[in-house]
């Protein structure tokens, strides 16, 4: 999940008898699965929560290019390089779809980028881990994009029209991302003993951070209830995490690798895998800025933004000059 | 003066003779760049054969509060639909 710990303005769901008439009418539309569109009336908290959630999602796509960017010049073959470039290009595009969706709520893209750079908005904790080997690129596609799909498939039904439509586009691309990741993992796991060891090492390092992507356990997730009532969150953190584990364990077995959780096992009664939860203190530390790569990621983003300023300004100045010349000639 | 590029809405025509359809938006300094960016962002997987871009500020949209006056009148005019008329089977295909 690319949006973790998105705070809604209140704890718990606002009871119906405390709602204004306008809020009740709004909730009825959401309950009837009608899409809310940009110009429709919406509660301020709904708008604010969505801006935070979509903004965080957009930032995650953009910052998420960095760990992979590390390997574009070092991809093992020309084909792998072309594939990785296509994937990173998709991520830039998604940043764009998502910022556009957020902009329909009355915030500008530059404002959102500014908030990210000031550390006042977050991106997914997962992108603060380094990509040490080529197998990490495979693990990211397989596990990180796999975890993202779990969430994004549900979000295609989210109540806010522009967000739901962005998700439909993203889901069409995401399957390519996950499959190319698993394809890399298969090559490595079925390759030489050294390659297999690299694949195992990547799995070991990305397993728990991937589980953290879904956010804290439901009992600690005080904002889930209101977001679910508004249908801007469609499944709980724990539900999605369980689904991800259930789907991934057989894929690990197929690769002939070992899950780094020694206690993972299929629970015959529930039909689900029991697993060890991640270390939540690590999650909160990474979210606060103390992960292995937080500083590098933000530095790379801010540098790119500042170094590109003259291009953005120059192109706009050129466009204005051209428009003025055209107007003068008419 | 703000240095934020203006917002453009993007419309793409797919391959099967359908009309242009709104697919999303983007920022660009001018129409030429908007077209080029739209090609990069919205047609990477053979989605289209033609692109329109229009600056978002130039679009006039109906307001949600006008939904009733604008669209409700047509709800009561069922006779505008072919299913309103009962034509006996004996009359043949129609």
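Residue numbers (the numbering used here), protein chains in the order written: chain X, 15 to 344; chain Z, 17 to 110.
No residue lacks a Cβ here, since even glycine has one placed at the ideal position from N, Cα and C.
Item	Value
Contacting positions in the segment 302-327 of chain X - beta carbon closer than 7 Å to chain Z	326, 327
Continuous alpha helix (DSSP H) assignments of at least 4 residues falling wholly in the segment 17-95 of chain X	35-45, 58-77, 79-86
Among 72(X), 193(X), 165(X), nearest to residue 252(X) - alpha-carbon criterion	165(X)
Under 7 Å between C-beta atoms of residue 237(X) and residue 256(X)	no
Below-7 Å beta-carbon distance, residue 222(X) vs any chain Z residue	no
Residue interval of the beta strand (DSSP E) (run including residue 43(Z))	37-43
Residues bridged to residue 159(X) [DSSP beta-bridge criterion]	Answer is none; residue 159(X) lacks a bridge partner.
Min CB distance residue 329(X) to chain Z below 7 Å	yes
Proximity test, Cβ basis, 7 Å: residue 91(Z) and chain X	no
At least three beta-carbon pairs within less than 8 Å, the segment 51-62 of chain X to the segment 276-284 of chain X	no
Residue 66(Z), DSSP secondary structure in three states	strand
Chain A within 7 Å of residue 35(Z), Cβ atoms only	Protein chains X and Z are contained in the structure displayed, whereas chain A is not.
Nearest-angstrom Cα separation, counted from residue 74(X) out to residue 131(X)	13 Å
Inter-residue spacing [alpha-carbon to alpha-carbon] between residue 162(X) and residue 266(X)	18 Å
Close Cβ partners of residue 115(X) (< 7 Å) along its chain, the five nearest in sequence each way excluded	68, 176, 177, 180
Minimum Cβ-Cβ distance from residue 53(X) to chain Z less than 7 Å	yes
Sequence-distant residues of the same chain with beta carbon closer than 8 Å to residue 139(X), five excluded per side	18, 223, 226, 227, 297, 300, 301, 305
Beta-ladder partner(s) of residue 26(Z), from DSSP	40(Z), 69(Z)
Pair within 7 Å by beta-carbon distance, residue 102(X) and residue 128(X)	no
Neighbour flag for residue 111(X) against chain Z, beta carbons, 7 Å	yes
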